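Worksheet: one structure, shown below.
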Amino acid sequence: MRTHRCGELRSSHVGMSVRLCGWVARRREHGEHLAFIDLRDHSGVVQCVVDGSVDVRSEYVIAVSGVVRDRPEGTANPRLATGAVEVTDCSVEVLSAAEPPPFLVDDRVEVDESVRLRYRFIDLRRPRMQANLRLRARVNAAIRAAMERHGFCEVETPLLWAPTPEGAREFAVPSRLHHGSFYVLPQSPQLAKQLLMVGGLDRYYQIARCLRDEDQRADRQYEFTQLDLEASFVGQDDIMGVVSDAVIAAARAVAPDRPAMIERMTWEQARERFGTDKPDLRFGMEIVDLTAVFEQTAVRAFAAPAVKAIRVPGGAETGRARLDALVAHAKRLGASGLAWFRVLPAASAETAEAEEAAKPSEGPGATGAGPELAADAGAARLDSPLERFLSAQERHGILSRTGSRPGDLVLVVADDQHVACSVLGALRTELGGLGVAEGPLRFAWVVDFPMFEGVDEAGNPVAAHHPFTMPHPEDLEKLEEDPLGVRALAYDLVLNGWELGSGSVRIHKADVQRRVFAALGISEEAAERRFGFLLRAFRFGAPPHAGFAVGLDRLVAILAGEEAIREVIAFPKTQSGADPLTGAPAELPPSTLAELGIRVVANRSGG
RNA sequence: GGACCUGUGGUGCAGCUCGGAGUGCACGCCGGCCUGUCAAGCCGGAGGUCGCGGGUUCAAAUCCCGUCAGGUCCGCCA
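Numbering (this note's numbering), first residue to last: 1 to 607.
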């Protein structure tokens, strides 16, 4: 039906007779003797020249037969990949007429997302969407190749699974043959892949669809895709090595121009330096500890267990209204307050020399915090409502520990350790954050997550990961007395401030598992009821195993430079879980409900 | 469950503070002209439940209340 793709024609094709198929992207008629048709297929656009007028409209599907030639002198179009050539002497066959599209098939026009989704089949013709989906396919291919290289075996696991009440709300599927009983769609293949390990698969992976009935976000859909993997007779470092290989291979395959690197830090360090367990390492503004500086402070606002700060480079221009808004924002985030210090030059030009001369006597003597203070801090002064309450030592401490220079802004939160860091971490991202397409690809492994996060209403610790996560061997003896101080062999992968995935070493010994269930307040009966099939499997020879899951939608979105994963999913749903294209979710006919043994008792949408 | 933003011809926006005739801009669409354009150009034209419902008012796109939809975020996502 066709000899070439539109976007591939170059000067090397000149002289060839070609037949192309595609959509009419654009049509320019010059009277009855000359017309141009920009013909588009997935590969790109090429200009076709018709001698005479043609009866085609935008988005008609046509076949064009003609001869490739160099464009006449001065008419080449450098903005087009095929812009050096054109197809001439064209005869046009209409394969399919088209109504005028609801919006232009063009990356440059912005269209409301619900309209795009209702006409997703048109939206997908846009180069941006074509590029995103093809990029995604190449990521999948690179990942599969990496996993095969590492000896992993791709296995598919069921979508119709058993209810295993866990963290996320599950989607239920009624059983036609067993009225009143339900399958659920898996939140992840977590339990299945552990069974595969007991089954001796040794190394499993899958590009798996996961389903969670939780509220959606820019980076969350009901259905999403994970690179899911599990391996036997391995430890944390082995898993991290394989996953690192896979994601770096994916990054190199589709974004070779963006430097990609992976580093590793503990959960504790991440919280301390970035105020979050998903740090964005593309920029500095790390959290600085000023607690020691204010140990003896007379400033009541700074009398707190922890005093933390971030330096906003160039932030001294921030106006009062904006600063007030930041303070209010910090309070909304849970801080008792936010102090700001604009860092200004010490003095005007004529007094600079005097400042220079005064420095040595003032600096080290006054602060006792090291000789580097004078050099760093001497040329700056602080502008803040709190400034006059500060001691000289505190002034210097703020400047030197944050490494501030004139023109910067320093934000300080005094609170307990956790609040101070997380509030500053949030402010750091807001004030310094880069766009998703900007900068390098800074992967980070965050290891040594706590085993439990807080306690529930019954006073039982809440598992931070899932209940089969192995406690850190060094903390095993604390499991009973100090559960909240126990670290887990659990690790997250973070990319540019997005959580990409998490994994853990699993418990394969019955006694450890019993102790963890006990710590979680899960009785033996409850454990048997919820995970009985897995526990039974473990009694028949469970290898030590560990695994991981990478959120592919997020990875692809970042690699594609998209803020929302909807842009890298062919048919996503809206935030309320609807699909404007298909009308899902939709009611079922009464006969179907009857067959399923389902009676609808209430209709919240008032139908 | 909650907060905020948005909703105006097919598309994107302005108009809304300070109420006065559906007023405007760009694109698209339809017709005409045009032999080298390329988001072609020029001329003409059609196209509207101002998301929906209620209220205030002599008068509502505009003010108020409610509601629906889309988005962003909090909660939630072991």
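Using N, Cα and C, we set each Cβ at its ideal position, and we do this for glycine too. Treat the numbers as computed from the prediction; the structure is a model and nothing was measured.
Considering only the alpha carbon of each residue, which of T402, V18, D41, K573 lies closest to V343?
T402
Closer than 6 Å by C-beta to R322: which residues in its own chain qualify, once you throw out the five before and the five after it? Chain order, please.
none
Tell me which residues share the same chain as A358 and place their Cβ nearer than 6 Å to its Cβ, disregarding the 5 neighbours each side in the sequence.
For A358, the predicted model reports a pLDDT of 43, less than 50, meaning its position is unreliable; a value from the coordinates is still stated below. Within the same chain, A358 has no close Cβ partners at all.
I need the DSSP call for E622, collapsed to helix, strand or coil.
The displayed coordinates of the chain run from 1 to 607. Any statement about residue 622 would go beyond what the structure contains.
So which of A253, K278, R514 has the shortest CA-CA distance to M265?
K278
Using 8 Å as the Cβ pair cut-off and three pairs as the minimum, do the region 471 to 490 and the region 508 to 528 touch?
yes
Terminal residues of the continuous alpha helix (DSSP H) containing R271?
267 to 274
Counting C-beta neighbours from all protein chains within 10 Å, is the total for Q296 16 or more, i.e. buried, or is it exposed?
So Q296 ends up on the exposed side.
Whole beta strand (DSSP E) runs in the region 515 to 553 with 3 or more residues, listed along the chain?
Segments of the beta strand (DSSP E) lying fully in the region 515 to 553: 545 to 551.
Leaving out the 5 sequence neighbours to the left and right, which residues in its chain are closer than 7 Å to L201 when beta-carbon positions are compared?
C153, V155
Secondary structure at R506, three-state DSSP: helix, strand or coil?
strand
With DSSP as the reference, please indicate the residues paired to E223 in a beta bridge.
Looking at the DSSP assignment, E223 forms a beta bridge with L211.
What are the boundary residues of the beta strand (DSSP E) that includes T88?
85 to 96
Provide the residue span of the beta strand (DSSP E) that contains V46, from first to last.
44 to 50
Apart from the five residues on each side of it in sequence, which residues of its chain come closer than 8 Å, Cβ to Cβ, to Y119?
Counting only Cβ-Cβ distances below 8 Å, and skipping sequence neighbours, we find P101, P102, F103, L581.
Assuming Y205 contacts M147 (C-beta within less than 8 Å), just tell me the rounded distance between them.
5 Å
Which two residues bound the contiguous beta strand (DSSP E) that contains D383?
380 to 383
Please return the same chain residues whose Cβ sits closer than 8 Å to the Cβ of F233, not counting the five positions on each side in sequence.
D202, P543, P544, H545
What does the alpha-carbon distance come out to for the pair T351 and D408?
With a pLDDT of 46 at T351, under the threshold of 50, the modelled position of this residue cannot be trusted, and the question is left open.
Do you know how far the Cα of A168 is from the Cα of R19?
53 Å
Does the Cβ-Cβ distance between D219 and I569 come in under 7 Å?
no
With DSSP as the reference, identify every bridge partner of P174, one or two as the case may be.
F182
Tell me, to the nearest whole angstrom, how far the beta carbon of V412 is from that of L326; I am working on the premise that it is less than 8 Å.
That pair is no contact at about 12 Å.
State whether the region 492 to 512 contacts the region 159 to 179, with contact taken as three or more CB pairs (one from each stretch) at a distance under 8 Å.
no
So, for A426: in the same chain, excluding its five sequence neighbours on each side, which residues have a beta-carbon less than 6 Å away from its beta-carbon?
L333
For M285, does the count of other Cβ atoms within 10 angstroms reach 16, so buried, or fall short, so exposed?
buried
Count the other CB atoms within 10 Å of the CB of R40; is the residue buried (16 or more) or exposed (fewer)?
buried
The beta strand (DSSP E) that contains A35, what's its start and end?
35 to 41
Just the C-alpha distance for S336 and F302, rounded to the nearest angstrom, thanks.
10 Å
In the DSSP output, what is G501 paired with across the bridge?
L493, V550
Out of L195, E170, Q190, state which residue places its alpha-carbon closest to the alpha-carbon of Y183.
E170
In chain order, what residues of the same chain lie with their CB nearer than 6 Å to the CB of S43, ignoring the 5 residues before and after it?
R5, C6, G7, E8
Take Q130 and list the residues in its own chain whose beta-carbon comes closer than 6 Å to its own, dropping the five residues that flank it on each side.
H42
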